[in-house]
Each structure stands twice: as structure tokens, then as C-alpha cells.
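Step one of this worksheet: look at the structure below.
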């Protein structure tokens, strides 16, 4: 009697497809939540408007601009001029800071690194403070903040560079040094400022979307989205860099070149975001952690997931900031209050998954 084999060869590919499909579904869900959350938050505020009114006004501006004059002037101003650009900017900044945090953590092999590690926030704060105290120096406060944010990273990178290589530990220490210098310079600007200027410096450093206009959107959105798209495209190289420089060289990837490219793009995104809305903490530290816990260590999925989670998180915090009290609370306060306990929970409950 012929023996029938019961061995069945199972291809590992369906399981891989299942997990990839699951990850894509998570990203799709987050995208829907982000868009829906953005639409809902436009309706919320001191002056309540309905979703139908929001749809009508936005659709008129996008598809029938000749009929804009027929819209209710007050509601048109609230929705199109104030809230809509604010929500777009909130989503963009959330995406930018979250992706920048993912890039920095991958390049530095350190889960506690955030986008401000190389002194970007301190440099931007000094540039903004300089523009506030001496307004004739720059065309705008945003320009001063952007220039000095970029300068801080350039100085840190130059300081850490040695014999054609940039050791991670040296780069981080250089960033701490440059950040401390610019923090001292900010203190000098505060000392030289009057009461009005001091108040403006403090509010700028706490972050917020109170003065967001369409001009800010037109400047920030293209820079952030294009840079994020490039970083996502090279996400597989970030996976290689995360393994260490020696392993990267063994796999044919020049770690110095791609580390430089990633840091330049992440710095550009961070500098543009910070110069537009001030310093918003915790986003670039928390969202990459959360994305990594959900999607695993593969940066091809971590980067877009962190971006979407960052957009949702900033929308949520900004809505609290402008609706909790009659006077708007700086969003940096809200992100810190929510972010610190979350990070404690993350470190306690998921320590092995985060640190390996």
C-alpha cells in the first residue's frame, strides 16, 4: 500500500502579507481619524459652526472661488481665515516633528533622542528673541528663528566632525554644548527686553498656533511634506543605519553620507516647524515610540505611522488649548502635561520592547 505523505510545505509569504496588510490598515485608520478629527475641530471653539457650514465654505473656496463674496462674512472669516489654516498647520507640525524624531532616534541608535537634541530649539528661541528685541535685524521673527535653528545644527555637526567621521556620541555632546550656549543667549535677550518683549518671547517659547495664517501654511507645508516623503522613501536605509555603522558598511551603505542626509532633512523640517509655531515638546519623542510599539522596528512603517499619530496628537492638544478656557493656553503646556505621564507609562510597561 502506497504511503501518503502528510507533510505540507507552508510558504511564509501569506503570514508576511497578513502582517503588512495589518500595518497598512492601521495607517489607513489613523489617516481617517486625522482627517475626521481635523474637520470636527474646525467646528469647535467659542463660536460654534456646523459641519455642513464648514463643508460649504471650504468647498466654495476650493471649487467656486467666484462665489466667495456670497458667504457669511463672519463664518467665512472664522472657518477659512482662522481655523482651517490653523488645523492644516497643526497636522503639518505634528507630522514633521514626529518624523524628525523617528529619524533622529534611528540615526543615533537611541530611543530617548528628540528633534531638539542638536540645539534646534535653543537656536530657534535665540533667533526669535533677537527678532523680538531688535525687530529691524530680520524681516520676520520666523526668519530669525529658522536661521539660528539651522545654524545651531551646523555648528554642532562641525564641532563633532573629526577625520571625515561624525561619531554619534560626539554629535550629541556637541548638540548639548551648542544648545546650552544659545540658551544662555536667550537669557541675555530676556534681560535686555522690556516687559512687552519679554512676554512675547515667553509666549513664543511655549509654542502655539494663535497667529497662523495662510502664508505660514504655504511656506511650511511643502517643505515638511517633501522632506518627509524623501525620508520615508529611504526608510529602508534608516533600518540599516539603526544596526550600526559597521553593519551598514558591510551591507554597502555609506553611514556618513546617509546619516548626513537624514540629519539635514530632519533638521530642515524641525527648523521650519519651530520657526513657525514655537517650541512644542514631547511630540518628536513620544510618537516614534508609540509607532514602534504598534508597527515594530521597520522604519518603512514607523515613519508614516508616527507622522499620522503626530497629526492626530497635535490636533487633540490644540483643541484642548483653545477650548479649555476662555483664554488660549499655549500648546506646549498641553503636550508636556499629556506627554510626561505617557512616557513614564511607556518606560515602565514596555521597557523590553523599547530598549530590547
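Residue numbers (my numbering): 6 to 361.
Glycine included, C-beta positions come from ideal geometry on N, C-alpha and C.
Beta-carbon within less than 6 Å of residue i's beta-carbon, same chain only, minus the 5 sequence neighbours each way: which residues are those?
i, result
"residue 38", "317"
"residue 165", "171, 175, 176, 179"
"residue 267", "108, 112"
Give the straight-line distance between the Cα atoms of residue i and residue j, rounded to the nearest whole angstrom.
i, j, result
"residue 4", "residue 200", "The displayed coordinates of the chain run from 6 to 361. Any statement about residue 4 would go beyond what the structure contains."
"residue 40", "residue 167", "46 Å"
"residue 325", "residue 256", "47 Å"
"residue 308", "residue 322", "21 Å"
"residue 263", "residue 73", "47 Å"
"residue 149", "residue 142", "8 Å"
"residue 238", "residue 246", "14 Å"
"residue 76", "residue 52", "17 Å"
"residue 327", "residue 50", "7 Å"
"residue 173", "residue 253", "14 Å"
"residue 296", "residue 230", "19 Å"
Going by other Cβ atoms of all chains shown within 10 Å of its Cβ, with 16 needed for buried, is residue i buried or exposed?
i, result
"residue 285", "buried"
"residue 135", "buried"
"residue 304", "buried"
"residue 112", "buried"
"residue 294", "buried"
"residue 67", "exposed"
"residue 59", "buried"
"residue 64", "exposed"
"residue 340", "buried"
"residue 62", "buried"
"residue 145", "exposed"
For residue i, tell me which candidate among the options has the shortest Cα-Cα distance.
i, options, result
"residue 57", "75, 153, 122, 84", "84"
"residue 45", "92, 220, 222", "92"
"residue 104", "346, 234, 171", "234"
"residue 120", "25, 157, 88", "157"
"residue 206", "261, 143, 132", "132"
"residue 217", "88, 347, 353, 271", "88"
"residue 122", "220, 29, 182, 163", "182"
"residue 348", "30, 36, 116, 86", "116"
"residue 159", "353, 210, 265", "265"
Taking Cβ positions, are residue i and residue j nearer each other than 8 Å?
i, j, result
"residue 189", "residue 161", "no"
"residue 124", "residue 184", "yes"
"residue 138", "residue 198", "yes"
"residue 222", "residue 70", "no"
"residue 114", "residue 249", "yes"
"residue 313", "residue 32", "yes"
"residue 94", "residue 331", "no"
"residue 320", "residue 42", "yes"
"residue 236", "residue 96", "no"
"residue 215", "residue 333", "yes"
"residue 99", "residue 315", "yes"
"residue 34", "residue 128", "no"
Given residue i, which residues of its chain have a CB within under 7 Å of its CB, disregarding the five upstream and five downstream residues?
i, result
"residue 54", "48, 80, 83, 84"
"residue 126", "279, 284"
"residue 203", "195"
"residue 102", "120, 275, 278, 285, 288, 289, 315"
What does a CB cutoff of less than 8 Å around residue i pick up in its chain, not counting 5 residues either side in sequence?
i, result
"residue 228", "273, 274, 277"
"residue 344", "286, 287, 288, 290, 291"
"residue 258", "242, 245, 246"
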